[in-house]
Amino acid sequence: MSHDSAPSPLTAAPGNPLRGASRPPGDKSISHRAMILGLLAIGETRIEGLLEGDDVLRTAAAARALGAGMERLGEGRWLVRGAGIGGLSDPAETLDFGNAGTGSRLMMGVVGGQPVTATFDGDASLRKRPMRRILDPLVRMGTQVVSEAEGGRVPLTLRGPREAIPITYETPAASAQIKSAVLLAALNAPGVTTVIETAATRDHTERMLRLFGAEVYVTPHGEGGHGRAVMLTGQPTLRGTDVIVPADPSSAAFLIVAGLIVPGSEVTIRGVMMNPLRIGLITTLLEMGAEIERRDEREEGGETVADLVVRTSRLKGVDVPAERAPAMIDEYPILAVAAAFAEGTTRMSGLHELRVKESDRLAAVAAGLAANGIDYAIEGDDLLVTGDGAAPRGGGTVATHLDHRIAMAFLVLGLATRESVTVDDGAMIATSFPRFLPTMAGLGARIG
Numbered sequence: 001m002s003h004d005s006a007p008s009p010l011t012a013a014p015g016n017p018l019r020g021a022s023r024p025p026g027d028k029s030i031s032h033r034a035m036i037l038g039l040l041a042i043g044e045t046r047i048e049g050l051l052e053g054d055d056v057l058r059t060a061a062a063a064r065a066l067g068a069g070m071e072r073l074g075e076g077r078w079l080v081r082g083a084g085i086g087g088l089s090d091p092a093e094t095l096d097f098g099n100a101g102t103g104s105r106l107m108m109g110v111v112g113g114q115p116v117t118a119t120f121d122g123d124a125s126l127r128k129r130p131m132r133r134i135l136d137p138l139v140r141m142g143t144q145v146v147s148e149a150e151g152g153r154v155p156l157t158l159r160g161p162r163e164a165i166p167i168t169y170e171t172p173a174a175s176a177q178i179k180s181a182v183l184l185a186a187l188n189a190p191g192v193t194t195v196i197e198t199a200a201t202r203d204h205t206e207r208m209l210r211l212f213g214a215e216v217y218v219t220p221h222g223e224g225g226h227g228r229a230v231m232l233t234g235q236p237t238l239r240g241t242d243v244i245v246p247a248d249p250s251s252a253a254f255l256i257v258a259g260l261i262v263p264g265s266e267v268t269i270r271g272v273m274m275n276p277l278r279i280g281l282i283t284t285l286l287e288m289g290a291e292i293e294r295r296d297e298r299e300e301g302g303e304t305v306a307d308l309v310v311r312t313s314r315l316k317g318v319d320v321p322a323e324r325a326p327a328m329i330d331e332y333p334i335l336a337v338a339a340a341f342a343e344g345t346t347r348m349s350g351l352h353e354l355r356v357k358e359s360d361r362l363a364a365v366a367a368g369l370a371a372n373g374i375d376y377a378i379e380g381d382d383l384l385v386t387g388d389g390a391a392p393r394g395g396g397t398v399a400t401h402l403d404h405r406i407a408m409a410f411l412v413l414g415l416a417t418r419e420s421v422t423v424d425d426g427a428m429i430a431t432s433f434p435r436f437l438p439t440m441a442g443l444g445a446r447i448g
């Protein structure tokens with residue numbers, strides 16, 4: 001899918017209650033990592049439930065270009081034949097990651113630790129996103145930045161060393177992408193590499209590295225134990241394995257909030273990952289008074305999953321602490337929508353990271369709220385949204401800035417406002433939720 005094609009506007013209209021059951025797409029974070037570790041493993045990796053959105057397919061194409069064998073066995077079912085650590089090949093062409101920030105940054109870690117040279121590029125949105133904080137630790141590990149766009153942005157070319165240098169690195173921001181890039185580079189380093197984070201971020205890389213046979217140890221770090229030290233022993237032999245990808249909580253978020261704000265709704269969302277480092281939104285919604293029931297908790301692919309039953313709820317404003325941000329960084333746009341229907345003010349603190357996502361999400365959310373008559377304020381890196389417990393006016397057109405989460409969040413808004421809401425482009429929704437429109441239609445939503 002090209003992000004340079006003609007925009008495809010969509011309009012969401014208020015209508016019937018939402019009813020029924022659905023399973024969101026496979027988790028994007030785990031889908032990326034399954035492809036990457038399948039590349040670095042020896043033998044075959046079988047993946048079930050892979051998210052077949054544009055972002056993940058770009059990572060799959062990059063893994064193939066670096067030497068992996070790749071075969072699609074059916075919907076969401078893939079077979080990866082690994083090249084092994086140290087067995088990668090120079091790609092014949094530029095690795096084009098489209099809009100995939102996670103895929104590009106994690107693969108920079110892979111290339112940065114291996115004796116290969118590769119050029120990374122992406123669409124107009126990805127070219128604006130900062131990569132310097134990924135490159136800085138990689139350079140310390142022996143990676144050469146052969147060329148780069150201004151400010152350490154793509155297009156850029158990396159040349160990895162014969163062996164990476166093990167380091168101890170404290171991440172400058174709470175970012176699973178920085179941590180994961182360093183750990184992936186460290187797979188080809190003799191010795192132990194330690195990544196220190198002052199606030200715990202999503203731990204999918206650590207969990208999956210263990211699944212493939214790496215030695216990874218995690219200990220509490222800092223005052224109060226909120227941070228973690230992650231230690232990886234380099235140059236393991238990773239073995240191909242079976243990976244079941246659970247449903248993505250970041251995609252489930254749109255179904256959850258839709259079920260909460262559309263009057264008379266009851267929606268069941270199946271197989272949602274319940275990793276404690278990924279469910280900050282659910283924690284927050286419960287504090288706001290949301291009726292969300294967990295059923296049938298179980299293990300899939302090394303992660304706890306559950307079915308969620310969501311019913312229309314009266315919400316109240318709450319303060320969302322900054323330390324919760326790493327557990328819900330992608331969910332703030334849809335939380336802002338929920339907050340618009342709550343009684344009182346919801347303060348979301350410490351949202352600096354939203355400024356360097358697919359778009360400046362903080363500015364994009366604020367503009368979308370303003371266009372639809374919703375009371376908000378920005379104070380530093382805090383977003384405040386105030387509602388009166390009734391449906392907002394709506395009626396606005398929202399600029400998405402090629403950001404899939406902005407598009408989906410404001411389409412959900414339009415299902416419960418007094419007037420319809422339009423987003424200027426919905427094409428990029430396929431990067432994370434390819435069947436968003438038919439899924440919502442199946443529940444009774446009016447989007448088109």
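Its first residue numbered 1, the sequence shown is counted upward by one per residue in UniProt numbering.
Glycine included, C-beta positions come from ideal geometry on N, C-alpha and C.
Beta strand (DSSP E) segment containing residue i, residue limits
| i | result |
| --- | --- |
| A22 | Note on residue identity: the sequence assigns Ser, not Ala, to residue 22. Counting along the chain, the beta strand (DSSP E) containing S22 begins and ends at 19-22. |
| A118 | 117-121 |
| A229 | 227-233 |
| S147 | 144-149 |
| V195 | 192-197 |
| L158 | 153-159 |
| V423 | 421-423 |
| R347 | 343-348 |
| G222 | Counting along the chain, G222 falls outside any beta strand (DSSP E), and DSSP gives it neither H nor E. |
| V111 | Per DSSP, V111 belongs to no beta strand (DSSP E); it is in the alpha helix (DSSP H), 101-112. |
7 Å Cβ shell around residue i - same chain, five flanking residues per side excluded
| i | result |
| --- | --- |
| G82 | G38, L39, L40, A41, I42, G43, T45, A68, G240 |
| S2 | Model confidence at S2 stands at a pLDDT of 41, short of 50, so the residue's coordinates are unreliable; what they give is reported in the following sentence. There are no such residues. |
| E323 | A199, H226 |
| A377 | L384 |
| E197 | T171, A174, K179, G227, R228 |
| A339 | G317, T346, V385, G387 |
| V262 | P17, L18, T312, L415, A416 |
| L443 | L18, R19, G20, S22, V267 |
| S29 | T102, R202, H204 |
Rounded C-alpha distance that separates residue i from residue j
| i | j | result |
| --- | --- | --- |
| R129 | S104 | 11 Å |
| A325 | G350 | 7 Å |
| I36 | T205 | 10 Å |
| R210 | P392 | 47 Å |
| K179 | V195 | 6 Å |
| L106 | A390 | 43 Å |
| E48 | M274 | 18 Å |
| Q114 | M70 | 20 Å |
| A149 | A370 | 34 Å |
| A118 | T193 | 23 Å |
| residue 449 | L238 | Because the chain is modelled from 1 through 448, residue 449 falls outside the range shown and cannot be assessed. |
| M131 | A185 | 15 Å |
| L162 | T304 | The question names Leu, but residue 162 in the sequence shown is Arg. Roughly 38 Å between the two C-alpha positions. |
| G264 | E353 | 35 Å |
| W78 | R72 | 5 Å |
| G373 | F410 | 13 Å |
Endpoints, alpha helix (DSSP H) assigned at residue i
| i | result |
| --- | --- |
| V56 | 54-65 |
| V245 | Counting along the chain, V245 falls outside any alpha helix (DSSP H), and DSSP gives it neither H nor E. |
| S180 | 176-186 |
| T312 | No alpha helix (DSSP H) holds T312; DSSP gives it neither H nor E. |
| A34 | 28-40 |
| L73 | Not the alpha helix (DSSP H): L73 falls in the beta strand (DSSP E), residues 69-74. |
| I334 | 332-340 |
| T439 | 436-443 |
Cutoff 6 Å; reference residue i; Cβ partners in own chain excluding five residues on either side
| i | result |
| --- | --- |
| D203 | L277 |
| G280 | R324, A327, M328 |
| P434 | G53 |
| P137 | Y169, V182 |
| A399 | D424 |
| G395 | E419 |
| T157 | T119, V146, S147 |
Min CB distance residue i to chain C below 9 Å
| i | result |
| --- | --- |
| L354 | This model lacks chain C altogether; it includes just one protein chain. |
For residue j and residue i, believed in contact at Cβ under 8 Å, the rounded distance
| i | j | result |
| --- | --- | --- |
| A306 | L18 | In fact, because the Cβ distance is near 20 Å, the residues do not count as touching under 8 Å. |
| R361 | D403 | 7 Å |
| A431 | P9 | One detail in the question is off: residue 431 reads as Thr in this sequence, not Ala. So it is not a contact: roughly 17 Å between Cβ atoms. |
Check: residue i C-beta below 8 Å from any heavy atom of the ligand ADP
| i | result |
| --- | --- |
| D55 | The model on display carries no ligand, and the ligand ADP is accordingly not part of it. |
Neighbourhood of residue i by C-beta distance below 8 Å, restricted to the same chain and skipping five residues each side
| i | result |
| --- | --- |
| E75 | E52 |
| V412 | A12, F254, V257, A258, I261, I334, V337 |
Q: Could you say if the stretch 164-173 and the stretch 62-81 meet the contact criterion of at least three C-beta pairs nearer than 8 Å?
A: Taking a cut-off of 8 Å for Cβ pairs, the stretch 164-173 and the stretch 62-81 do not touch, as fewer than three such pairs fall below it.
Q. Between the stretch 24-34 and the stretch 243-252, are three or more C-beta pairs nearer than 8 Å?
A. Yes, they touch.
(Q) Check whether the stretch 125-142 and the stretch 211-231 touch, using three or more Cβ-Cβ pairs below 8 Å as the test. (A) The stretch 125-142 vs the stretch 211-231: no contact.
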